[in-house]
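Novice:
Residue numbers (our numbering): 287 to 587.
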C-alpha cells in the first residue's frame, strides 16, 4: 500500500533517479571495501620487500670504521692490561710504595679514553679504548698509597662499572695482605676480562647488587662511586660506609651532579662536616676546577 502510494505521488523519473543513485552507492561501498583489502595486501608486500632490502643492505654494508678501531683497541688494551697486572704482582712491596712507580704502572695500564677538557694534562695516560679506570691518575696513585699504609684485608667497591679501577686496586693491595679480598658491587655486569682477572686476583663479584645487600657489614675500606645523586651517595654511606674503617668517596668535587639534589658535592660536604670533629678527613684533589676528587673519612682512632 505504501509502495503504491509512493509510485502514485513520486514521478517515475525521480523514482528512477533514486534507484540509480542507490545502486551506484552500493557499488561505491563495495569498491571501497575491495580497495581496503587490496591496500592491506600492498602494505604487507611492502613490509616484506623493505625487510628483504634492509637485510641485503646490512649484509653488503661496509663495517663502521670507529667500531672496528674500538674493537681492535680493546683487544690490545686487554692484553696490555694483563701484562701490567702481572708486573704488579711480580713487583716487590717497596716498589709499590713508590709514587712514581705507581704512576708509571697506571700509565702503562691506561685510563679509559674520553675527551674531557679537564683531562688535558693527563693525555699520556689514556688508552685508545674505554678500557681502564675513570680516575685522575695522580689522585688514584695517592689514594692507593694511603690504603697501602693501612694494609686492609677487605675492600668493598660500590659501582665498579668496567672494573678498571677494581683490578688495579686489587692487584696492588693484595701484595700487602695475604688474606685480602676485594668485593665488586654494581647493578649491571659490565666487568671487563673478569674470568682472567678473577683467576689471578682475590676478586669477588656481587653483581647485580647494591650497598643495601651489605647493609651493616664491616669492611676495612669502602669505596663509594655508584649513584652520584645526593640521596644515592648518602644511602651508600649509611648502608656500608659508616661501618668501614675507611670510607672513600669519588667525585667529591664533581659539580656536574649538582642538579641531583646537590649531588656528590653536597653529600661529601655534609659528611665531612659531620665527622671532622671525631675522625681524620682527607681530600685528594688535583684539579683546580670543580671536578673529580677523592674524599676519605678515616674511622680508625
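C-beta: ideal position from N, C-alpha, C; glycine also.
Tell me whether residue 445 sits in a helix, a strand or coil according to DSSP, three-state version.
Specialist: Coil.
Novice: Check each candidate in 397, 585, 549 and name the one with the smallest Cα separation from residue 560.
Specialist: For the residues 397, 585, 549, the minimum Cα distance to residue 560 belongs to 585.
Novice: Quick check on residue 515: does DSSP put it in helix, strand or coil?
Specialist: Reduced to three states, the DSSP call for residue 515 is coil.
Novice: With a floor of 4 residues, list each alpha helix (DSSP H) that falls wholly inside the stretch 405-440, ordered by position along the chain.
Specialist: Within the stretch 405-440, the complete alpha helix (DSSP H) runs of at least 4 residues are 423-436.
Novice: If you run the structure through DSSP and keep just helix, strand and coil, what is residue 573?
Specialist: Of the three classes helix, strand and coil, the one that applies to residue 573 here is coil, per DSSP.
Novice: Give me the Cα-Cα distance between residue 358 and residue 427, rounded to the nearest whole angstrom.
Specialist: Going by the C-alpha atoms only, they are around 28 angstroms apart.
Novice: Where does residue 398 fall in DSSP's three states?
Specialist: Coil at residue 398, not helix or strand.
Novice: Could you check which residue in 378, 381, 557, 394 has the C-alpha nearest to that of residue 362?
Specialist: Of the listed residues, the one whose Cα sits closest to residue 362 is 394.
Novice: Which one or two residues does DSSP pair with residue 450 in a beta bridge?
Specialist: Bridge partners of residue 450: none, in fact.
Novice: My output table needs one value for residue 505: the three-state DSSP class, helix, strand or coil.
Specialist: Coil, per DSSP.
Novice: Mapping the DSSP letters down to three states, classify residue 535 as helix, strand or coil.
Specialist: Looking at residue 535 - three-state DSSP - the assignment turns out to be strand.
Novice: Taking residue 569 as the reference, give the member of 425, 458, 442, 547 with the closest Cα.
Specialist: Minimum Cα distance to residue 569 is reached at 425.
Novice: At which residues does the beta strand (DSSP E) containing residue 543 begin and terminate?
Specialist: Per DSSP, residue 543 belongs to no beta strand (DSSP E) and is neither H nor E.
Novice: Could you spell out the range, first to last residue, of the alpha helix (DSSP H) harbouring residue 550?
Specialist: Residues 549-561.
Novice: Please say whether residue 419 and residue 451 have beta carbons closer to each other than 8 angstroms?
Specialist: Closer than 8 angstroms, so yes.
Novice: Look up residue 482 in the DSSP assignment and say whether it is helix, strand or coil.
Specialist: Correct three-state label for residue 482: helix.
Novice: Classify residue 579 as helix, strand or coil using the three-state DSSP reduction.
Specialist: In the structure shown, residue 579 sits in coil (DSSP, three-state: anything other than H, G, I, E or B).
Novice: In whole angstroms, what separates the C-alpha of residue 292 from that of residue 323?
Specialist: Only weak support exists for where residue 292 lies, its pLDDT of 47 falling under 50; the value from the coordinates is given anyway. Distance between the alpha carbons of residue 292 and residue 323: 39 angstroms.
Novice: Thinking just about the alpha-carbon of each residue, which of 443, 414, 369, 540 is nearest to the one in residue 534?
Specialist: The shortest Cα separation from residue 534 among 443, 414, 369, 540 belongs to 443.
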